[in-house]
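Novice: One structure is given below, represented as structure tokens, and several questions about it will come after.
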Amino acid sequence: NSNRWGEDLPGEEYGPQSMCYEAKLPIEGGTMRTSLCFKSRCNAETMNLEVLIAGNVLRCQNDFQTLGFTYLGQNVIFTCPRLTVACPRLFCPANCSGKGVCNYAADTPRCECFDPKDKSDICNMTQIKAPEESRCSS
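Counting in our numbering, the sequence shown runs from 44 upward without gaps.
This is the structure we're talking about:
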């Protein structure tokens, strides 16, 4: 099956600075699922993934956010990836294992563990003790 887009898909750019995204293209009678590759960059200042399409910048601010643009009078929609996968340097590893907070003010975000003795990168050295069982007497 051929589509009205032909071989050149809208705004695509291939190379080491590109990422590929799940996309939907309008075709006669519906939409076609495909992938599109665009020049992309992680912006540490805004904590967003920026997608550059034909001189415009679209920003992925959330995991699996849908963004769109118009090409040849048609709406093209693509889905942002999980941001921690696309831009791992913008986030603390393992979300600090739930045992610390991420210091985004550091040059590279790093975990500050709730347990001051835990100096691990992901706060995984903190031992969590189960609460002692209490027995009710009747």
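The beta-carbon is built from N, C-alpha and C at its ideal position, and this holds for glycine as well.
Since Phe81 and Leu95 should fall inside the 8 angstroms C-beta cutoff, what is the C-beta to C-beta distance between them, to a whole number of angstroms?
Specialist: Position 38 of the sequence shown holds residue 81. Position 52 of the sequence shown holds residue 95. 6 angstroms between Cβ atoms; contact.
Novice: What number of angstroms, rounded off, separates the C-alpha of Pro136 from the C-alpha of Arg153?
Specialist: Counting from 1 along the sequence shown, the entry for residue 136 is found at position 93. Counting from 1 along the sequence shown, the entry for residue 153 is found at position 110. About 8 angstroms.
Novice: Just to confirm before moving on: does the CB-CB distance between Cys139 and Cys156 stay below 8 angstroms?
Specialist: On the sequence shown, residue 139 is found 96 positions in, with the first residue counted as 1. On the sequence shown, residue 156 is found 113 positions in, with the first residue counted as 1. Yes, the Cβ-Cβ distance between Cys139 and Cys156 is below 8 angstroms.
Novice: Taking its Cβ as the centre, do 16 or more other Cβ atoms sit within 10 Å of Val128, making it buried, or is it exposed?
Specialist: Translated into the one-based positions of the sequence shown, residue 128 becomes position 85. With fewer than 16 other Cβ atoms within 10 Å, it is exposed.
Novice: With a threshold of 7 angstroms on Cβ separation, who are the neighbours of Cys130 within its own chain once the five nearest residues in sequence on each side are excluded?
Specialist: Mapped onto the sequence shown, residue 130 falls at position 87. Answer for Cys130: Cys85, Leu92, listed in chain order.
Novice: Are Asp161 and Thr151 touching if we call contact CB-CB under 8 angstroms?
Specialist: In the sequence shown, the residue the question calls residue 161 occupies position 118. In the sequence shown, the residue the question calls residue 151 occupies position 108. Cβ distance not < 8 angstroms, so Asp161 and Thr151 don't count as in contact.
Novice: Considering just the uninterrupted stretch of the beta strand (DSSP E) at Thr77, what are its terminal residues?
Specialist: By 1-based counting over the sequence shown, the position of residue 77 is 34. Counting along the chain, the beta strand (DSSP E) containing Thr77 begins and ends at 73-86.
Novice: Leaving out the 5 sequence neighbours to the left and right, which residues in its chain are closer than 6 angstroms to Asp158 when beta-carbon positions are compared?
Specialist: Position 115 of the sequence shown, counted from the start, is the residue given in the question as residue 158. Only Thr169 meet the Cβ criterion.
Novice: With DSSP run on the structure shown, which of helix, strand or coil describes Thr109?
Specialist: Numbered from 1 along the sequence shown, position 66 holds the residue referred to as residue 109. Note: Thr109 maps to strand in three-state DSSP.
Novice: Out of Pro69, Thr74, Tyr114, which has the shortest C-alpha to C-alpha gap to Ala97?
Specialist: Residue mapping note: residue 97 aligns to position 54 of the sequence shown, counting from 1. The shortest C-alpha separation from Ala97 is found at Tyr114.
Novice: Look at the alpha carbon of Pro59 and the alpha carbon of Glu71, and state the distance between them as a whole number of angstroms.
Specialist: As a working mapping, residue 59 is identified with position 16 in the sequence shown. As a working mapping, residue 71 is identified with position 28 in the sequence shown. So the alpha carbons of these two residues sit roughly 33 angstroms apart.
Novice: If we count the other Cβ atoms within 10 Å of its Cβ and call it buried at 16 or more, is Val119 buried or exposed?
Specialist: For this step, residue 119 is matched to residue 76 along the sequence shown. Buried, by the Cβ-count rule.
Novice: Do you know how far the Cα of Ala149 is from the Cα of Glu1?
Specialist: Nothing about residue 1 can be read from this structure; the chain reaches only from 44 to 181.
Novice: By Cβ distance, which residues of its chain are closer than 6 angstroms to Arg125, with the 5 residues on each side in sequence left out?
Specialist: Indexing the sequence shown from 1 puts residue 125 at position 82. Closer than 6 angstroms at Cβ, skipping near neighbours: Asp106.
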